[in-house]
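In this note's numbering, the protein residues as written are 1 to 348. Heads up: the structure comes next, in structure tokens.
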Amino acid sequence: MRHIELLNLICRYKKILDEAYKQKKLISVPNELVEIGLFSKIGNFYYLNEVYLNFVDTLLARADFSYVVEDFEKEINKLKELKIEYETSKSSIVRDLIFTLLNKVYQGMKNRDKRVLALIEKLENDEINELDFLIKEAKNVLKSVEEIMRKNEIIVKVFEEFLKFKEFRDFIKDILVDVVELSINIDAYLKRLREFISQTEKKRRFNQKLFGIANMILNEDNKIDKFLETKRFAYKQKIEVIPDSAYMDYEKAKVIIGKFTKEKKVKKSKVKNFEEVIEIIDLKKLIKNVKGSEDIFKTIVDYVGEIDKELVSECVRVFVYILNHFDKELIYTNEYNEFNIRVVKWRA
1 MRHIELLNLI CRYKKILDEA YKQKKLISVP NELVEIGLFS KIGNFYYLNE
51 VYLNFVDTLL ARADFSYVVE DFEKEINKLK ELKIEYETSK SSIVRDLIFT
101 LLNKVYQGMK NRDKRVLALI EKLENDEINE LDFLIKEAKN VLKSVEEIMR
151 KNEIIVKVFE EFLKFKEFRD FIKDILVDVV ELSINIDAYL KRLREFISQT
201 EKKRRFNQKL FGIANMILNE DNKIDKFLET KRFAYKQKIE VIPDSAYMDY
251 EKAKVIIGKF TKEKKVKKSK VKNFEEVIEI IDLKKLIKNV KGSEDIFKTI
301 VDYVGEIDKE LVSECVRVFV YILNHFDKEL IYTNEYNEFN IRVVKWRA
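Rendered as structure tokens:
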């Protein structure tokens, strides 16, 4: 099959190829695509050729966590062998092989640069996977990029060895300019990865601290005040405890966390424990309400207030309950609402 015929075939079945690229596998495909090797049947499904996937991902600057960074060690070793052979033979066949390999390594380095950048951006923008997983993957990528830096020095030295041959000199000079720029990019990638790992580890420690506090609150542990007073968790304002039996007016819900400006008479509560609160407000309906919310605590206040304004003071415990049980669905921002509570969003 000629190249133009392959292009025509790809155009004819572009929708099927696009679907396969998105879905990763298909139940059936035209035999023509299987015969030329674009698809392979494994079990009951047809899978796109990995070469095609890599080609598309490279051109579109995409990468996933399965991407393995290339080091071109085999190609460089082959170039060393061909150089020795060409010094003695001056064979045109060997010369053409050298040009092909030099270009292959150079193009590969440029493509690798695009994939590594895409992988770093994927790590930075990931809001789905657990922090432990992201930290582990980032460290793996960091190790690979550090290895790239070392291997690039070897590649440059091998390239420079071909400068003594007049027939390769101009080609080598041109690609070395880009190779230097690629090395500068790698240095920038190293800095981004180290910063990402540092920030993600801080976020993980904060979450662990937050979950510890949440459990203390849920378990009504009297050690909570002592913990908050330590250097491990500094806070600016004393936290007033809201007894289960005390309920605030709905209009004054904004003082749920903070200091009361005046004493309030304690009203006897019919609700005796948190389980009863959850049952009264109907947790399943509440979760439906907070899905997609831009400020989960405010949504809880609105929802609970419509059921029973006397239950508004329980919003803090309900909020902490959701943080503790639905963490993977949440996005923690650095903003605070009018209740002086961190704005937490539900993932779209």
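Each residue gets a CB set at the ideal place from its N, CA and C atoms; glycine is no exception.
> From VAL241 to LYS191, what does the alpha carbon distance come to, in whole angstroms?
Replying inline: Confidence is the limiting factor: at VAL241 the pLDDT is only 42, short of 50, which leaves the residue's position unreliable, though a coordinate-based value still follows. For VAL241 and LYS191, the distance between alpha carbons rounds to 45 Å.
>> Considering only DSSP beta bridges, list what ARG342 is partnered with.
In response: TYR336
> Which residue spans inside the segment 142–207 form an unbroken alpha helix (DSSP H) run of at least 4?
Replying inline: none
> Leaving out the 5 sequence neighbours to the left and right, which residues in its chain are closer than 7 Å to LYS231 when beta-carbon positions are compared?
Replying inline: In this predicted model, LYS231 has a pLDDT of only 48, less than 50, meaning its place in the structure is not dependable; the value taken from the coordinates is given anyway. Contacts found: none.
> The beta strand (DSSP E) with TYR46 in it runs from where to where?
Replying inline: Per DSSP, the unbroken beta strand (DSSP E) holding TYR46 starts and ends at 45–48.
>> With DSSP as the reference, identify every bridge partner of LYS24, one or two as the case may be.
In response: Beta-bridge pairing links LYS24 to no other residue.
>> Between which residues of its own chain and TYR67 is the CB-CB distance below 7 Å, once the five residues before and five after are set aside?
In response: Closer than 7 Å at Cβ, skipping near neighbours: ARG115 and LEU119.
>> Need the endpoints of the alpha helix (DSSP H) that LYS122 sits in, please.
In response: Start and end: 92–125.
> Are the segment 157–167 and the segment 76–87 touching by the rule of at least three beta carbon pairs closer than 8 Å?
Replying inline: Yes, they touch.
>> Given a cut-off of 9 Å on the beta-carbon distance, is the pair ILE27 and LEU6 in contact?
In response: no
> Taking 8 Å as the cut-off, is the CB of ALA348 close to at least one heavy atom of the ligand MN?
Replying inline: This structure lacks the ligand MN, and indeed carries no ligand of any kind.
>> For a test of the three-state rule: what should DSSP assign to SER89, helix, strand or coil?
In response: helix
>> Among the candidates PHE326, VAL343 and TYR86, whose CA atom is the shortest distance from the CA of ASN334?
In response: VAL343
> Which of helix, strand or coil does DSSP assign to LYS41?
Replying inline: strand
> With 16 as the cutoff for other CB atoms within 10 Å, does ARG112 come out buried or exposed?
Replying inline: buried
> From GLU121 to LYS328, what distance separates their C-alpha atoms?
Replying inline: 20 Å
> Counting contacts by CB-CB distance shorter than 9 Å, is LYS173 in contact with chain B?
Replying inline: In summary, chain B is missing from the structure at hand, where a single protein chain is found.
>> Using a 10 Å radius around the Cβ and a threshold of 16 neighbouring Cβ atoms, would you call LYS284 buried or exposed?
In response: Result: exposed.
> Quick one: what does DSSP say LEU60 is sitting in, helix, strand or coil?
Replying inline: coil
>> Given this structure, state the Cα-to-Cα distance separating GLU275 from PHE319, to the nearest angstrom.
In response: Roughly 14 Å separates the two Cα atoms.
> Can you name the start and end residues of the alpha helix (DSSP H) that LYS309 belongs to?
Replying inline: Careful: LYS309 lies outside any alpha helix (DSSP H) and carries neither H nor E.
> Taking the continuous alpha helix (DSSP H) assigned at LYS328, which residues delimit it?
Replying inline: No alpha helix (DSSP H) holds LYS328; DSSP gives it neither H nor E.
>> Please report the straight-line C-alpha distance between ILE287 and LEU323, rounded to a whole angstrom.
In response: Rounded to the nearest angstrom, the two C-alpha atoms are 12 Å apart.
> What's the C-alpha gap between ARG2 and ASP18?
Replying inline: Taking the straight line from one Cα to the other gives about 22 Å.
> Got a sec? Which residues, its chain only, sit under 8 Å from PHE65 by beta carbon, not counting five neighbours each side?
Replying inline: LEU119, LYS122 and GLU137
> Do VAL158 and LYS83 come within 9 Å of each other at the CB atom, strictly closer than that value?
Replying inline: yes
> According to the Cβ coordinates, are PHE39 and LEU53 closer than 9 Å?
Replying inline: no
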